[in-house]
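Peer 1: Heads up: the sequence shown begins at 2 in our numbering, then just goes up one per residue. We put the CB at the ideal spot given by N, CA and C, even for glycine. The following block contains the structure, expressed as C-alpha coordinates.
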Amino acid sequence: MWRSVDDAIIFAAAGRVAYVGAAAAAAAAFERACGAFCVRDPGDAPPDYVLECVCHGGFDGAAVVSVKRAARPQPATAAATAAALAAASRSVEAPGARDQFLLHVPRAVLALTRAPSEFVFEVSVQLAAGAFLGALYPHFEFGDSQQVAFILQLSLGGTIALSSARTFGTTRQALWRELAPNLGGMGLGATPMFAATCLVELPRLALLTLAFLSTWFPTASPRCAFARYFAPCFGAALAASGAAHVAHGAAQEGDIPNFNGSDLGRFPLVANVAQEPKSAQLSSVSFLVVAAMFSGVAPRLGELRKLGPAARPVVWGSYARWLVEALYAAEISALSTAWRMPPAFYNRPRAESALMGLLLYDYVAKSAALNCAVLVLLGVLFRLVALLALKCANRDRMGLRSPHHALLDAYAAARGGLRRCRGAKGPSGGGAAVQLSDVVARPTARRPGEASSLLGEARLNRVV
(Lines of atoms letter the chains of each structure in order from A and count residues from 1; the text may use other names and numbers.)
(Lines give C-alpha, C1' and ligand atoms only; values in the text may rest on other atoms or scores of the structure.)
Protein backbone atom coordinates (compact mmCIF):
# COMPACT_ATOMS: atom_id res chain seq x y z
CA MET A 1 0.00 0.00 0.00
CA TRP A 2 2.94 2.35 0.72
CA ARG A 3 4.03 2.01 -2.91
CA SER A 4 0.76 3.46 -4.14
CA VAL A 5 1.26 6.72 -2.17
CA ASP A 6 2.76 9.57 -4.22
CA ASP A 7 3.27 12.29 -1.58
CA ALA A 8 3.51 11.81 2.17
CA ILE A 9 3.24 14.20 5.10
CA ILE A 10 4.74 12.74 8.27
CA PHE A 11 4.16 14.39 11.64
CA ALA A 12 6.37 14.17 14.72
CA ALA A 13 5.55 14.90 18.35
CA ALA A 14 3.48 18.01 19.15
CA GLY A 15 2.22 18.14 15.59
CA ARG A 16 5.53 19.14 14.02
CA VAL A 17 5.91 18.33 10.35
CA ALA A 18 8.80 15.90 10.01
CA TYR A 19 8.63 15.27 6.29
CA VAL A 20 6.84 16.51 3.21
CA GLY A 21 7.71 14.93 -0.08
CA ALA A 22 7.72 11.79 -2.15
CA ALA A 23 6.73 8.69 -0.23
CA ALA A 24 9.29 6.62 -2.10
CA ALA A 25 12.11 8.91 -0.89
CA ALA A 26 10.96 9.15 2.73
CA ALA A 27 12.93 6.19 4.05
CA ALA A 28 16.18 7.35 2.41
CA ALA A 29 15.71 10.90 3.72
CA PHE A 30 15.10 9.69 7.27
CA GLU A 31 18.09 7.37 7.01
CA ARG A 32 20.36 10.31 6.07
CA ALA A 33 19.02 12.47 8.88
CA CYS A 34 18.59 9.87 11.62
CA GLY A 35 21.08 7.16 10.70
CA ALA A 36 23.30 7.98 13.68
CA PHE A 37 20.75 6.85 16.27
CA CYS A 38 18.25 4.81 14.22
CA VAL A 39 19.90 2.18 12.04
CA ARG A 40 17.82 0.76 9.22
CA ASP A 41 17.91 -3.00 8.75
CA PRO A 42 17.72 -4.37 5.19
CA GLY A 43 14.43 -6.12 5.92
CA ASP A 44 12.65 -3.09 7.40
CA ALA A 45 9.65 -1.84 5.45
CA PRO A 46 9.80 1.91 4.64
CA PRO A 47 6.79 2.95 6.76
CA ASP A 48 8.02 0.91 9.73
CA TYR A 49 11.45 2.54 9.59
CA VAL A 50 9.98 6.02 9.24
CA LEU A 51 7.75 5.56 12.28
CA GLU A 52 10.67 4.16 14.25
CA CYS A 53 12.71 7.29 13.50
CA VAL A 54 9.88 9.67 14.38
CA CYS A 55 9.11 7.90 17.65
CA HIS A 56 12.78 7.62 18.67
CA GLY A 57 13.87 9.72 21.64
CA GLY A 58 16.77 11.23 19.70
CA PHE A 59 14.56 12.76 17.03
CA ASP A 60 14.77 16.59 17.36
CA GLY A 61 14.13 19.77 15.45
CA ALA A 62 17.44 19.71 13.61
CA ALA A 63 16.52 16.36 12.12
CA VAL A 64 13.12 17.73 11.21
CA VAL A 65 14.66 20.63 9.34
CA SER A 66 17.11 18.44 7.47
CA VAL A 67 14.40 16.05 6.44
CA LYS A 68 12.05 18.84 5.41
CA ARG A 69 14.67 20.10 3.01
CA ALA A 70 14.50 16.90 0.99
CA ALA A 71 13.92 17.34 -2.70
CA ARG A 72 10.29 17.80 -3.64
CA PRO A 73 8.95 15.43 -6.33
CA GLN A 74 6.89 16.28 -9.33
CA PRO A 75 3.13 16.63 -8.73
CA ALA A 76 1.21 13.39 -8.87
CA THR A 77 -0.85 12.62 -11.96
CA ALA A 78 -3.71 10.24 -12.62
CA ALA A 79 -1.55 8.13 -14.92
CA ALA A 80 1.21 7.86 -12.32
CA THR A 81 -1.30 6.85 -9.66
CA ALA A 82 -2.83 4.19 -11.93
CA ALA A 83 0.64 2.85 -12.75
CA ALA A 84 1.56 2.69 -9.06
CA LEU A 85 -1.66 0.85 -8.24
CA ALA A 86 -1.11 -1.63 -11.05
CA ALA A 87 2.47 -2.23 -9.93
CA ALA A 88 1.38 -2.71 -6.33
CA SER A 89 -1.37 -5.15 -7.36
CA ARG A 90 1.13 -7.25 -9.27
CA SER A 91 3.81 -7.18 -6.62
CA VAL A 92 2.04 -9.24 -3.97
CA GLU A 93 4.49 -11.99 -3.13
CA ALA A 94 2.89 -14.88 -1.27
CA PRO A 95 4.62 -18.02 0.06
CA GLY A 96 4.26 -21.31 -1.74
CA ALA A 97 1.24 -23.59 -1.47
CA ARG A 98 3.05 -25.96 0.90
CA ASP A 99 4.07 -23.14 3.25
CA GLN A 100 0.56 -21.71 3.19
CA PHE A 101 -0.89 -25.13 4.03
CA LEU A 102 1.47 -25.50 6.99
CA LEU A 103 0.53 -21.99 8.08
CA HIS A 104 -3.22 -22.67 8.02
CA VAL A 105 -3.13 -26.05 9.81
CA PRO A 106 -2.42 -24.67 13.32
CA ARG A 107 -4.83 -21.83 12.69
CA ALA A 108 -7.58 -24.31 11.79
CA VAL A 109 -6.81 -26.34 14.91
CA LEU A 110 -7.04 -23.20 17.03
CA ALA A 111 -10.36 -22.20 15.41
CA LEU A 112 -11.93 -25.57 16.29
CA THR A 113 -10.50 -25.82 19.80
CA ARG A 114 -10.87 -22.26 21.02
CA ALA A 115 -14.38 -23.01 22.28
CA PRO A 116 -14.32 -26.45 23.98
CA SER A 117 -17.86 -25.98 25.24
CA GLU A 118 -19.16 -26.00 21.68
CA PHE A 119 -17.48 -29.31 20.90
CA VAL A 120 -18.80 -30.77 24.16
CA PHE A 121 -22.28 -29.66 23.14
CA GLU A 122 -21.91 -31.32 19.71
CA VAL A 123 -20.73 -34.57 21.29
CA SER A 124 -23.64 -34.45 23.74
CA VAL A 125 -26.08 -34.07 20.85
CA GLN A 126 -24.59 -37.12 19.11
CA LEU A 127 -24.72 -39.19 22.30
CA ALA A 128 -28.36 -38.24 22.88
CA ALA A 129 -29.35 -38.92 19.26
CA GLY A 130 -27.72 -42.35 19.30
CA ALA A 131 -29.28 -43.28 22.62
CA PHE A 132 -32.74 -42.16 21.50
CA LEU A 133 -32.53 -44.10 18.24
CA GLY A 134 -31.31 -47.19 20.07
CA ALA A 135 -34.23 -46.95 22.48
CA LEU A 136 -36.65 -46.85 19.54
CA TYR A 137 -35.29 -50.08 18.01
CA PRO A 138 -33.67 -52.21 20.74
CA HIS A 139 -32.37 -55.54 19.44
CA PHE A 140 -34.05 -54.98 16.08
CA GLU A 141 -34.88 -57.89 13.80
CA PHE A 142 -33.57 -58.32 10.28
CA GLY A 143 -36.94 -57.31 8.84
CA ASP A 144 -36.51 -53.88 10.43
CA SER A 145 -33.00 -53.33 9.05
CA GLN A 146 -34.17 -51.10 6.24
CA GLN A 147 -36.22 -48.86 8.51
CA VAL A 148 -33.46 -48.68 11.13
CA ALA A 149 -30.90 -47.71 8.49
CA PHE A 150 -33.22 -44.99 7.18
CA ILE A 151 -33.72 -43.42 10.62
CA LEU A 152 -30.00 -43.73 11.34
CA GLN A 153 -28.96 -41.84 8.21
CA LEU A 154 -31.48 -39.12 8.93
CA SER A 155 -30.33 -38.68 12.54
CA LEU A 156 -26.60 -38.88 11.89
CA GLY A 157 -26.65 -36.80 8.70
CA GLY A 158 -28.85 -34.09 10.19
CA THR A 159 -26.82 -33.60 13.35
CA ILE A 160 -23.48 -33.68 11.50
CA ALA A 161 -24.64 -31.23 8.83
CA LEU A 162 -25.96 -28.69 11.31
CA SER A 163 -22.91 -28.95 13.56
CA SER A 164 -20.60 -28.36 10.58
CA ALA A 165 -21.87 -24.81 10.21
CA ARG A 166 -19.01 -23.45 12.31
CA THR A 167 -16.17 -25.37 10.63
CA PHE A 168 -14.56 -22.33 9.06
CA GLY A 169 -14.71 -20.21 12.20
CA THR A 170 -15.51 -16.53 12.61
CA THR A 171 -12.31 -14.89 11.33
CA ARG A 172 -13.94 -13.95 8.06
CA GLN A 173 -12.81 -10.34 7.78
CA ALA A 174 -9.14 -11.22 8.21
CA LEU A 175 -9.55 -14.11 5.80
CA TRP A 176 -10.77 -11.91 2.96
CA ARG A 177 -7.79 -9.59 3.44
CA GLU A 178 -5.39 -12.52 3.36
CA LEU A 179 -6.95 -13.99 0.22
CA ALA A 180 -7.05 -10.67 -1.66
CA PRO A 181 -4.51 -10.94 -4.52
CA ASN A 182 -4.29 -7.22 -5.19
CA LEU A 183 -3.46 -4.04 -3.26
CA GLY A 184 -4.09 -4.34 0.46
CA GLY A 185 -4.08 -8.15 0.48
CA MET A 186 -1.55 -10.86 1.17
CA GLY A 187 -2.20 -12.89 -1.97
CA LEU A 188 -2.71 -16.17 -0.10
CA GLY A 189 -4.51 -18.96 -1.90
CA ALA A 190 -7.92 -20.25 -0.96
CA THR A 191 -7.00 -23.85 -1.81
CA PRO A 192 -4.31 -24.32 0.92
CA MET A 193 -6.58 -22.71 3.50
CA PHE A 194 -9.51 -24.89 2.50
CA ALA A 195 -7.43 -28.07 2.41
CA ALA A 196 -5.98 -27.39 5.86
CA THR A 197 -9.41 -26.72 7.35
CA CYS A 198 -10.87 -29.90 5.83
CA LEU A 199 -7.92 -31.97 7.09
CA VAL A 200 -8.31 -30.66 10.63
CA GLU A 201 -12.04 -31.36 10.43
CA LEU A 202 -11.55 -35.12 9.90
CA PRO A 203 -10.79 -36.02 13.56
CA ARG A 204 -13.77 -33.99 14.67
CA LEU A 205 -16.11 -35.87 12.30
CA ALA A 206 -14.65 -39.21 13.40
CA LEU A 207 -15.23 -38.37 17.08
CA LEU A 208 -18.81 -37.23 16.44
CA THR A 209 -19.58 -40.41 14.49
CA LEU A 210 -18.00 -42.50 17.24
CA ALA A 211 -20.09 -40.70 19.86
CA PHE A 212 -23.29 -41.42 17.94
CA LEU A 213 -22.56 -45.12 17.47
CA SER A 214 -21.25 -45.60 21.02
CA THR A 215 -24.71 -45.12 22.50
CA TRP A 216 -26.70 -46.63 19.63
CA PHE A 217 -24.72 -49.83 19.04
CA PRO A 218 -25.06 -51.46 22.50
CA THR A 219 -28.83 -50.89 22.63
CA ALA A 220 -29.69 -51.74 19.03
CA SER A 221 -27.40 -54.82 19.00
CA PRO A 222 -26.85 -55.22 15.24
CA ARG A 223 -25.53 -58.53 13.94
CA CYS A 224 -22.30 -57.31 12.34
CA ALA A 225 -19.15 -55.88 13.93
CA PHE A 226 -18.81 -52.28 15.06
CA ALA A 227 -16.30 -51.48 12.31
CA ARG A 228 -18.82 -52.52 9.61
CA TYR A 229 -21.07 -49.71 10.86
CA PHE A 230 -18.42 -47.12 11.64
CA ALA A 231 -16.87 -47.06 8.14
CA PRO A 232 -20.04 -46.20 6.17
CA CYS A 233 -21.29 -43.85 8.90
CA PHE A 234 -18.02 -41.92 8.82
CA GLY A 235 -18.27 -41.70 5.02
CA ALA A 236 -21.82 -40.38 5.37
CA ALA A 237 -20.57 -37.79 7.87
CA LEU A 238 -18.02 -36.63 5.28
CA ALA A 239 -20.70 -36.31 2.61
CA ALA A 240 -23.24 -34.57 4.87
CA SER A 241 -20.70 -32.07 6.21
CA GLY A 242 -19.47 -31.36 2.67
CA ALA A 243 -23.00 -30.64 1.55
CA ALA A 244 -23.41 -28.33 4.55
CA HIS A 245 -20.30 -26.42 3.48
CA VAL A 246 -21.83 -25.96 0.04
CA ALA A 247 -25.10 -24.77 1.55
CA HIS A 248 -23.50 -22.31 3.96
CA GLY A 249 -20.47 -21.26 1.93
CA ALA A 250 -21.21 -17.73 0.84
CA ALA A 251 -23.79 -16.92 3.49
CA GLN A 252 -23.42 -13.51 5.09
CA GLU A 253 -22.15 -13.68 8.65
CA GLY A 254 -24.97 -13.52 11.16
CA ASP A 255 -26.36 -14.89 14.37
CA ILE A 256 -28.90 -17.67 14.82
CA PRO A 257 -31.54 -16.37 17.24
CA ASN A 258 -31.35 -19.49 19.41
CA PHE A 259 -27.55 -19.27 19.76
CA ASN A 260 -26.83 -15.56 20.05
CA GLY A 261 -23.44 -14.85 21.54
CA SER A 262 -21.98 -18.30 20.85
CA ASP A 263 -19.68 -19.59 18.14
CA LEU A 264 -22.38 -22.06 17.06
CA GLY A 265 -24.47 -19.08 16.01
CA ARG A 266 -21.95 -18.23 13.29
CA PHE A 267 -22.15 -19.49 9.76
CA PRO A 268 -19.00 -20.33 7.79
CA LEU A 269 -17.88 -18.94 4.50
CA VAL A 270 -17.58 -21.70 2.18
CA ALA A 271 -20.30 -22.17 -0.38
CA ASN A 272 -23.34 -21.04 -2.12
CA VAL A 273 -23.99 -17.83 -3.91
CA ALA A 274 -24.65 -15.05 -1.43
CA GLN A 275 -27.40 -16.51 0.72
CA GLU A 276 -28.59 -15.04 3.93
CA PRO A 277 -27.84 -17.16 7.03
CA LYS A 278 -31.43 -18.27 7.40
CA SER A 279 -31.61 -19.20 3.72
CA ALA A 280 -28.39 -21.18 4.03
CA GLN A 281 -29.79 -23.06 7.02
CA LEU A 282 -32.95 -23.80 5.06
CA SER A 283 -30.84 -25.05 2.15
CA SER A 284 -29.07 -27.53 4.44
CA VAL A 285 -32.36 -28.86 5.77
CA SER A 286 -33.73 -29.08 2.23
CA PHE A 287 -30.73 -31.13 1.15
CA LEU A 288 -31.30 -33.56 4.04
CA VAL A 289 -34.96 -33.94 3.07
CA VAL A 290 -34.14 -34.54 -0.60
CA ALA A 291 -31.42 -37.04 0.32
CA ALA A 292 -33.92 -38.96 2.46
CA MET A 293 -36.56 -38.91 -0.28
CA PHE A 294 -34.11 -40.40 -2.79
CA SER A 295 -32.56 -42.90 -0.39
CA GLY A 296 -34.26 -45.84 -2.11
CA VAL A 297 -36.39 -46.85 0.88
CA ALA A 298 -39.72 -45.30 -0.09
CA PRO A 299 -39.90 -45.02 -3.04
CA ARG A 300 -37.51 -47.85 -3.86
CA LEU A 301 -34.68 -47.62 -6.37
CA GLY A 302 -36.68 -49.37 -9.06
CA GLU A 303 -39.42 -46.78 -8.75
CA LEU A 304 -36.91 -43.92 -8.78
CA ARG A 305 -35.47 -45.18 -12.07
CA LYS A 306 -38.87 -44.69 -13.67
CA LEU A 307 -38.55 -40.94 -13.09
CA GLY A 308 -36.09 -40.76 -15.97
CA PRO A 309 -32.48 -39.62 -16.44
CA ALA A 310 -33.14 -36.31 -14.64
CA ALA A 311 -33.54 -38.11 -11.30
CA ARG A 312 -30.34 -40.15 -11.56
CA PRO A 313 -27.92 -37.39 -10.48
CA VAL A 314 -30.10 -36.73 -7.43
CA VAL A 315 -30.08 -40.42 -6.50
CA TRP A 316 -26.34 -40.71 -7.01
CA GLY A 317 -25.72 -37.53 -5.00
CA SER A 318 -27.85 -38.70 -2.07
CA TYR A 319 -25.56 -39.90 0.70
CA ALA A 320 -28.58 -41.64 2.29
CA ARG A 321 -28.95 -43.97 -0.70
CA TRP A 322 -25.39 -45.33 -0.32
CA LEU A 323 -25.43 -45.40 3.49
CA VAL A 324 -28.68 -47.38 3.69
CA GLU A 325 -27.43 -49.94 1.17
CA ALA A 326 -24.09 -50.26 2.98
CA LEU A 327 -25.77 -50.89 6.35
CA TYR A 328 -28.24 -53.35 4.81
CA ALA A 329 -25.42 -55.23 3.09
CA ALA A 330 -23.47 -55.29 6.37
CA GLU A 331 -26.42 -56.93 8.12
CA ILE A 332 -26.73 -59.56 5.36
CA SER A 333 -23.02 -60.39 5.58
CA ALA A 334 -23.47 -61.37 9.25
CA LEU A 335 -26.41 -63.72 8.60
CA SER A 336 -26.06 -67.47 8.33
CA THR A 337 -26.93 -69.54 5.27
CA ALA A 338 -30.40 -70.19 6.64
CA TRP A 339 -31.31 -66.55 5.90
CA ARG A 340 -30.10 -66.71 2.31
CA MET A 341 -32.43 -69.33 0.88
CA PRO A 342 -34.98 -68.56 -1.89
CA PRO A 343 -38.02 -66.59 -0.70
CA ALA A 344 -40.36 -69.57 -1.20
CA PHE A 345 -38.72 -71.36 1.74
CA TYR A 346 -40.06 -68.86 4.30
CA ASN A 347 -43.48 -68.06 5.70
CA ARG A 348 -42.60 -64.35 5.85
CA PRO A 349 -40.24 -63.74 2.94
CA ARG A 350 -39.89 -59.98 3.45
CA ALA A 351 -38.93 -60.36 7.10
CA GLU A 352 -36.90 -63.59 6.93
CA SER A 353 -35.37 -63.85 3.45
CA ALA A 354 -32.20 -61.85 2.76
CA LEU A 355 -32.50 -62.65 -0.94
CA MET A 356 -36.02 -61.23 -0.99
CA GLY A 357 -34.74 -58.00 0.52
CA LEU A 358 -32.00 -57.69 -2.08
CA LEU A 359 -34.44 -58.25 -4.92
CA LEU A 360 -37.05 -55.93 -3.45
CA TYR A 361 -34.70 -52.98 -2.92
CA ASP A 362 -32.30 -53.64 -5.85
CA TYR A 363 -29.30 -53.92 -3.55
CA VAL A 364 -26.04 -55.82 -4.00
CA ALA A 365 -25.01 -58.13 -1.16
CA LYS A 366 -21.25 -57.43 -1.27
CA SER A 367 -21.40 -53.68 -1.91
CA ALA A 368 -20.39 -52.30 1.48
CA ALA A 369 -16.85 -51.37 0.39
CA LEU A 370 -18.10 -49.76 -2.81
CA ASN A 371 -20.72 -47.77 -0.92
CA CYS A 372 -18.10 -46.47 1.53
CA ALA A 373 -15.90 -45.39 -1.38
CA VAL A 374 -18.82 -43.56 -3.00
CA LEU A 375 -19.60 -41.76 0.26
CA VAL A 376 -16.01 -40.57 0.58
CA LEU A 377 -16.06 -39.49 -3.06
CA LEU A 378 -19.25 -37.49 -2.45
CA GLY A 379 -17.59 -35.79 0.51
CA VAL A 380 -14.62 -34.79 -1.65
CA LEU A 381 -16.87 -33.66 -4.50
CA PHE A 382 -19.02 -31.48 -2.25
CA ARG A 383 -15.90 -29.86 -0.81
CA LEU A 384 -14.55 -29.11 -4.27
CA VAL A 385 -17.84 -27.41 -5.11
CA ALA A 386 -17.59 -25.45 -1.85
CA LEU A 387 -14.03 -24.39 -2.72
CA LEU A 388 -15.14 -23.25 -6.18
CA ALA A 389 -17.96 -21.23 -4.65
CA LEU A 390 -15.56 -19.69 -2.14
CA LYS A 391 -13.38 -18.45 -4.97
CA CYS A 392 -16.17 -17.26 -7.25
CA ALA A 393 -18.97 -16.06 -4.99
CA ASN A 394 -16.77 -13.88 -2.78
CA ARG A 395 -14.65 -12.10 -5.35
CA ASP A 396 -15.93 -8.68 -4.36
CA ARG A 397 -14.82 -9.24 -0.75
CA MET A 398 -11.32 -9.96 -2.00
CA GLY A 399 -11.10 -6.74 -4.02
CA LEU A 400 -12.02 -8.36 -7.35
CA ARG A 401 -14.97 -7.99 -9.68
CA SER A 402 -18.03 -9.69 -8.24
CA PRO A 403 -19.67 -12.52 -10.24
CA HIS A 404 -22.74 -10.54 -11.21
CA HIS A 405 -20.56 -7.61 -12.30
CA ALA A 406 -18.51 -9.98 -14.43
CA LEU A 407 -21.72 -11.28 -16.03
CA LEU A 408 -22.88 -7.74 -16.70
CA ASP A 409 -19.52 -6.93 -18.28
CA ALA A 410 -19.80 -9.95 -20.54
CA TYR A 411 -23.37 -9.04 -21.45
CA ALA A 412 -22.41 -5.44 -22.22
CA ALA A 413 -19.46 -6.57 -24.33
CA ALA A 414 -21.60 -9.04 -26.28
CA ARG A 415 -24.34 -6.51 -26.84
CA GLY A 416 -21.85 -3.84 -27.91
CA GLY A 417 -20.20 -6.25 -30.34
CA LEU A 418 -23.56 -7.18 -31.81
CA ARG A 419 -24.50 -3.55 -32.32
CA ARG A 420 -21.16 -2.83 -33.98
CA CYS A 421 -21.68 -5.75 -36.33
CA ARG A 422 -25.15 -4.51 -37.24
CA GLY A 423 -23.83 -0.97 -37.73
CA ALA A 424 -21.05 -2.21 -40.03
CA LYS A 425 -23.69 -3.62 -42.40
CA GLY A 426 -25.38 -0.22 -42.74
CA PRO A 427 -24.59 2.42 -45.39
CA SER A 428 -22.49 4.56 -43.06
CA GLY A 429 -20.70 1.67 -41.31
CA GLY A 430 -20.64 3.77 -38.16
CA GLY A 431 -22.44 1.41 -35.79
CA ALA A 432 -22.72 3.01 -32.39
CA ALA A 433 -21.78 6.52 -33.62
CA VAL A 434 -24.75 6.56 -36.01
CA GLN A 435 -27.14 5.62 -33.21
CA LEU A 436 -25.73 8.36 -30.97
CA SER A 437 -26.06 11.01 -33.69
CA ASP A 438 -29.63 9.93 -34.43
CA VAL A 439 -30.56 10.34 -30.79
CA VAL A 440 -28.90 13.76 -30.46
CA ALA A 441 -30.02 15.21 -33.82
CA ARG A 442 -33.64 14.07 -33.78
CA PRO A 443 -34.79 13.72 -30.17
CA THR A 444 -38.40 14.58 -31.07
CA ALA A 445 -38.68 11.67 -33.48
CA ARG A 446 -38.92 9.28 -30.58
CA ARG A 447 -40.75 9.07 -27.31
CA PRO A 448 -39.01 10.89 -24.43
CA GLY A 449 -38.23 7.77 -22.45
CA GLU A 450 -36.96 5.92 -25.51
CA ALA A 451 -34.50 8.68 -26.42
CA SER A 452 -32.87 8.66 -22.98
CA SER A 453 -32.61 4.88 -22.95
CA LEU A 454 -31.00 4.77 -26.39
CA LEU A 455 -28.55 7.48 -25.37
CA GLY A 456 -27.55 5.36 -22.37
CA GLU A 457 -27.06 2.33 -24.59
CA ALA A 458 -24.91 4.35 -26.97
CA ARG A 459 -22.75 5.55 -24.10
CA LEU A 460 -22.42 1.99 -22.90
CA ASN A 461 -21.27 0.91 -26.36
CA ARG A 462 -18.65 3.67 -26.40
CA VAL A 463 -17.32 2.50 -23.03
CA VAL A 464 -17.19 -1.09 -24.23
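Who pairs with Y20 in a beta bridge, going by DSSP?
Peer 2: I11
Peer 1: So V291 and A390 are supposed to be a Cβ contact under 8 Å. How far apart are they, rounded?
Peer 2: No, V291 and A390 are not in contact; Cβ-Cβ is about 19 Å, not under 8 Å.
Peer 1: Roughly how many angstroms lie between the CA atoms of A252 and L378, to the nearest whole one?
Peer 2: A caution first: A252 carries a pLDDT of 49, below 50, which makes its placement in the model unreliable, though a value can still be read off. C-alpha separation (whole angstroms): 25 Å.
Peer 1: Please report the straight-line C-alpha distance between A330 and V365, rounded to a whole angstrom.
Peer 2: 7 Å
Peer 1: Could you spell out where the alpha helix (DSSP H) holding A130 opens and where it closes?
Peer 2: Where A130 is concerned, the enclosing alpha helix (DSSP H) stretches over 117–137.
Peer 1: Which residue marks the beginning of the alpha helix (DSSP H) containing A159, and which one marks its end?
Peer 2: The displayed chain sequence assigns Gly, not Ala, to residue 159. Per DSSP, G159 belongs to the alpha helix (DSSP H) from 146–164.
Peer 1: Looking at the secondary structure, which residues open and close the alpha helix (DSSP H) in which L388 lies?
Peer 2: Going by DSSP, L388 is part of the alpha helix (DSSP H) stretching over 369–394.
Peer 1: I need the straight-line Cα distance from A19 to A27, nearest angstrom please.
Peer 2: Distance between A19 and A27, taken at the CA atoms: about 10 Å.
Peer 1: Please check the pair I333 and A355, which I expect to be a contact at CB under 8 Å, by giving their CB distance rounded to whole angstroms.
Peer 2: 5 Å
Peer 1: Give the secondary structure of F288 by DSSP, where H, G and I count as helix, E and B as strand, and everything else as coil.
Peer 2: helix
Peer 1: Can you check which of these residues, L239, P350, D397, is closest to A321 by C-alpha distance?
Peer 2: It is L239 whose Cα lies nearest to the Cα of A321.
Peer 1: Using only the alpha-carbon positions, how far apart do F133 and W217 sit?
Peer 2: Looking at the two C-alpha atoms, the distance is approximately 8 Å.
Peer 1: Buried or exposed: which applies to A226, given that a residue is buried once 16 or more other Cβ atoms fall within 10 Å of its Cβ?
Peer 2: exposed
Peer 1: Quick check: the Cα distance between L385 and Q282, rounded to an integer number of angstroms?
Peer 2: 20 Å
Peer 1: Helix, strand or coil: which one does DSSP assign to R420?
Peer 2: Residue state, collapsed to three classes: helix.
Peer 1: Classify A14 as buried or exposed, calling it buried when 16 or more other Cβ atoms lie within 10 Å of its own Cβ.
Peer 2: exposed
Peer 1: Rounded to a whole number of angstroms, what is the C-alpha to C-alpha distance between S284 and A245?
Peer 2: 8 Å
Peer 1: Starting from the Cα of A1, find the closest Cα among F12, G97, L155 and give me that residue.
Peer 2: Limits of the chain in this structure are 2 at one end and 465 at the other, which puts residue 1 out of reach.
Peer 1: From Y362 to T220, what does the alpha carbon distance come to, in whole angstroms?
Peer 2: 26 Å
Peer 1: Using 8 Å as the cut-off, can you tell me whether the stretch 117–134 makes contact with the stretch 206–213, which would need three or more C-beta pairs spanning the two stretches below that distance?
Peer 2: Taking 8 Å as the limit for Cβ pairs, the verdict is that the stretch 206–213 does touch the stretch 117–134.
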